[in-house]
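Let me begin by presenting the structure, written as structure tokens, before commenting on it.
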Amino acid sequence: MGAGRLTVDTVPFFDDNQEDSVPENEQIINLLNDGCEQMMAMGMTYEDYWTSPSDPDKIKIYRNVYKRKMQDLNHQAWLQGAYVYEAVGALVPAIQAFNKKPKAEPYLSKPFEFESDVKDKERIAKEQETVFKQFSAFAESFNAKRKQKQTEVVDNDRQQ
Amino acid sequence: MATRLKFNYAGKEYTLEYNKEQVKRLSAQGFSQELMSARPLDAIPMLFKGAFGMHHKNVSNKVIEEIYDNMGDKTALIEMLIKMFAEPIEDLMVEPEEASKITWEQVD
Chain A
0 MGAGRLTVDT VPFFDDNQED SVPENEQIIN LLNDGCEQMM AMGMTYEDYW TSPSDPDKIK
60 IYRNVYKRKM QDLNHQAWLQ GAYVYEAVGA LVPAIQAFNK KPKAEPYLSK PFEFESDVKD
120 KERIAKEQET VFKQFSAFAE SFNAKRKQKQ TEVVDNDRQQ
Chain B
0 MATRLKFNYA GKEYTLEYNK EQVKRLSAQG FSQELMSARP LDAIPMLFKG AFGMHHKNVS
60 NKVIEEIYDN MGDKTALIEM LIKMFAEPIE DLMVEPEEAS KITWEQVD
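Going down the list, the sequences are from chains A and B.
For the first sequence, the residue numbers in numbering that gives the first Met the number 0 are 0 to 159.
For the second sequence, the residue numbers in numbering that gives the first Met the number 0 are 0 to 107.
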């Protein structure tokens, strides 16, 4: 256990005095002020927070948008890490000890593709394949029918 | 949608409503539920007057008192004012949407 770290035993489970010592009206003021700081961090303006009519949906939407932004930010950080990993990986052969021909691998020629782009390409390829198969089947049956008609005509001619 | 109270007095339309600014102002003046229980005769006029702050800041105390005296069904009025006062605080209690944690199924 590191020095100075709080353990479960050192944190009071209930601190009765703390809540009761603050009068109710001050608790409301503190709650509203904290809410203002929180909502301003999420992009709401000071004026909007204090003067707009009560609207829980608005607060909910601000919070959900903020959550999405944080998720995007987290993904961006992860993506940056992935690019750094690729770059370092490409340099490894150049700096490897006992490597007779040290040469860096080329960096990625294009950015990573989005998962949705890959899925779209797969979907389009599948659709094209299905259309091609359907067309081939149609062409085969059409040709087969045409051949059958041709043989029938030839047979009729021979009989005549 | 915020709860509003509308009425006409002496040919003028009034809308009573609370936003966070007015809730904070009234709380700073000492209004609380404790005061409502301990000294309702002081707290109720405060609560009524505070509801004018959002849309009718310049109405005099005298007019507000006159309006209050003429208001019918005071019990319902006070309940409505308490609800209006609580709404801006309750706004802050909403939680962001999360994926449902419990799945359920029908059992015959």
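Heads up, the beta-carbon is just placed ideally off N, CA and C, and yes, glycines get one too.
Since this is a predicted model, take the numbers as computed values, not measurements.
Skipping 5 residues on each side, what residues in its chain have a beta carbon closer than 8 Å to that of residue i?
{"i": "residue 41 of chain A", "result": "61, 62, 64, 65"}
In whole angstroms, what separates the C-alpha of residue i from that of residue j?
{"i": "residue 74 of chain B", "j": "residue 80 of chain B", "result": "10 Å"}
{"i": "residue 22 of chain A", "j": "residue 29 of chain B", "result": "9 Å"}
{"i": "residue 69 of chain A", "j": "residue 77 of chain A", "result": "12 Å"}
{"i": "residue 144 of chain A", "j": "residue 120 of chain A", "result": "36 Å"}
{"i": "residue 32 of chain B", "j": "residue 38 of chain A", "result": "26 Å"}
{"i": "residue 11 of chain A", "j": "residue 90 of chain B", "result": "With a pLDDT of 49 at residue 11 of chain A, under the threshold of 50, the modelled position of this residue cannot be trusted, and the question is left open."}
{"i": "residue 158 of chain A", "j": "residue 127 of chain A", "result": "46 Å"}
{"i": "residue 132 of chain A", "j": "residue 43 of chain A", "result": "55 Å"}
{"i": "residue 108 of chain B", "j": "residue 59 of chain A", "result": "No answer is possible for residue 108 of chain B: it lies beyond the span of chain B, which begins at 0 and ends at 107."}
With a threshold of 6 Å on Cβ separation, who are the neighbours of residue i within its own chain once the five nearest residues in sequence on each side are excluded?
{"i": "residue 148 of chain A", "result": "none"}
{"i": "residue 61 of chain B", "result": "none"}
I'd like to know whether the C-beta of residue i is nearer than 8 Å to at least one C-beta of chain A.
{"i": "residue 89 of chain B", "result": "yes"}
{"i": "residue 49 of chain B", "result": "no"}
{"i": "residue 99 of chain B", "result": "no"}
{"i": "residue 56 of chain B", "result": "no"}
{"i": "residue 5 of chain B", "result": "no"}
{"i": "residue 52 of chain B", "result": "no"}
{"i": "residue 82 of chain B", "result": "no"}
{"i": "residue 22 of chain B", "result": "yes"}
Taking residue i as the reference, give the member of the options with the closest Cα.
{"i": "residue 70 of chain B", "options": "B:1, B:83, B:34, B:6", "result": "B:6"}
{"i": "residue 24 of chain B", "options": "B:0, B:39, B:87", "result": "B:87"}
{"i": "residue 93 of chain B", "options": "A:114, A:133, A:57", "result": "A:57"}
{"i": "residue 45 of chain A", "options": "A:139, A:32, A:156", "result": "A:32"}
{"i": "residue 77 of chain B", "options": "B:10, B:47, B:15", "result": "B:47"}
{"i": "residue 110 of chain A", "options": "A:51, A:81, A:95", "result": "A:81"}
{"i": "residue 105 of chain A", "options": "A:112, A:86, A:99", "result": "A:86"}
{"i": "residue 10 of chain B", "options": "B:104, B:84, B:66, B:83", "result": "B:66"}
Ignore the nearest five residues each way along the sequence and tell me which others in residue i's own chain have a CB closer than 7 Å to its CB.
{"i": "residue 103 of chain A", "result": "89, 90, 92, 93"}
{"i": "residue 45 of chain B", "result": "25, 28, 30"}
If the cut is a Cβ gap below 8 Å, which residues of chain C does residue i touch?
{"i": "residue 18 of chain B", "result": "You won't find chain C in this structure, because its protein chains are A and B."}
I'd like to know if residue i contacts chain B, where contact means its C-beta is closer than 8 Å to some C-beta of that chain.
{"i": "residue 98 of chain A", "result": "no"}
{"i": "residue 110 of chain A", "result": "no"}
{"i": "residue 58 of chain A", "result": "yes"}
{"i": "residue 73 of chain A", "result": "no"}
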